[in-house]
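Numbered per full-length UniProt numbering, the sequence shown spans residues 1 to 247.
Think of the CB as a built atom: it goes at the ideal place given N, C-alpha and C, for glycine as much as any other residue.
Please read these numbers as outputs of a predicted model, since none were measured by experiment.
In what follows, a structure is listed as structure tokens, so that the remarks can point back to it.
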Amino acid sequence: MDLKKYIGTQIKTFRKSAGFTQDELAKRLNTTKQTISRYEKGDRKANQDMLFELCDIFGVSIDDFFPSQNESTQLPTSSQIQSIYDQLEPPRQGKVLTYAESQLNEQKNEENTKKNEVSEKVVQLYGYDYYDHAASAGTGQYLNDVRVERIELPVDVDADFVIPIKGDSMEPDYHDGDLVFIQTSVDLNDGVIGVFNYNGEAYIKQLVIDTEQAYLHSLNPDYKDMPITPETDFRIIGEVVDLYREK
């Protein structure tokens with residue numbers, strides 16, 4: 001198993017143990033359910049900052065997201081430790097407790113040191129093509145013939161370009177002013193969030209395809225679905241693969 005898939009499996013395991021749905025965890029991390037799903041499938045690797053946030057949420061160590069140096073080493077279970085502890089006389093039990101407390105404090109100090117080292121590092125920036133005209137999460141915006149710039153963001157995403165969102169029709173997952181990362185595509189599956197040219201205007205919506213029709217769906221129930229008919233001037237621009245939101 002490669003590292004991305006291993007980390008993804010650990011994230012899924014810790015999430016379920018903590019009782020979070022993907023939606024709930026996404027909200028805690030200020031990201032989307034789609035991003036959490038990509039982490040857990042191993043399609044995308046969570047960066048260090050994200051892993052430290054997950055540590056705080058799950059109450060685990062950063063090391064728990066990575067395979068041990070020797071996977072074949074059988075670690076003692078809590079029941080084995082308890083069994084040995086129960087066989088000791090009280091003075092020796094006290095020594096075990098003192099040693100365990102010192103190990104816990106040492107572990108916490110190591111984790112704090114790692115966090116400080118990460119925070120002291122210069123933030124790495126990644127360049128993206130940026131369309132300065134928003135994709136509408138509301139009433140529609142033109143995307144054709146808009147100016148392309150280069151912007152830098154502190155996240156590494158496999159995307160072809162970035163555009164800002166305008167409107168609230170995709171709340172609660174996508175907010176006005178969010179930046180979304182787009183992978184260009186001409187074919188998207190049912191349920192995928194994408195950017196679409198609909199009668200000459202660009203929208204960020206969920207594509208829904210059922211047995212009777214296809215339409216663009218808003219996550220915000222205040223907005224009506226937009227039917228796709230033979231008369232509709234419709235084109236898929238690409239899939240939304242991630243978002244960036246200023247904290």
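Asked: Tell me whether P172 sits in a helix, a strand or coil according to DSSP, three-state version.; Found: coil
Asked: Count the other CB atoms, across all protein chains shown, that sit within 10 Å of the CB of L104; report buried if there are 16 or more and exposed otherwise.; Found: exposed
Asked: Could you compute how far the alpha carbon of T98 sits from the alpha carbon of F58?; Found: 25 Å
Asked: Span of the beta strand (DSSP E) holding L153?; Found: 148–153
Asked: Rounding to the nearest angstrom, what Cα-Cα distance links Q10 and E40 in this structure?; Found: 8 Å
Asked: Considering A159, what are the terminal residues of the alpha helix (DSSP H) in which it resides?; Found: Here A159 belongs to no alpha helix (DSSP H), and DSSP marks it neither H nor E.
Asked: When the Cα atoms are used, what is the spatial distance from D160 to D233?; Found: 23 Å
Asked: Are there 16 or more other CB atoms within 10 angstroms of the CB of L125, so buried, or fewer, so exposed?; Found: exposed
Asked: Straight-line CA distance for P67 to G19?; Found: 23 Å
Asked: Between G177 and E246, is the Cβ-Cβ spacing less than 9 Å?; Found: yes
Asked: Under three-state DSSP, which class holds I238?; Found: One detail in the question is off: residue 238 reads as Gly in this sequence, not Ile. The answer is strand: DSSP assigns G238 an E or B state.
Asked: Could you spell out where the alpha helix (DSSP H) holding Y6 opens and where it closes?; Found: 3–18
Asked: With H, G and I counted as helix, E and B as strand and the rest as coil, what does DSSP make of G191?; Found: coil
Asked: Quick check on DSSP: helix, strand or coil for G138?; Found: Low confidence applies to G138: its pLDDT is 49, below 50, so where it sits in the model is not reliable, and the reading given next is rough at best. Looking at G138 - three-state DSSP - the assignment turns out to be coil, as it is neither helix nor strand.
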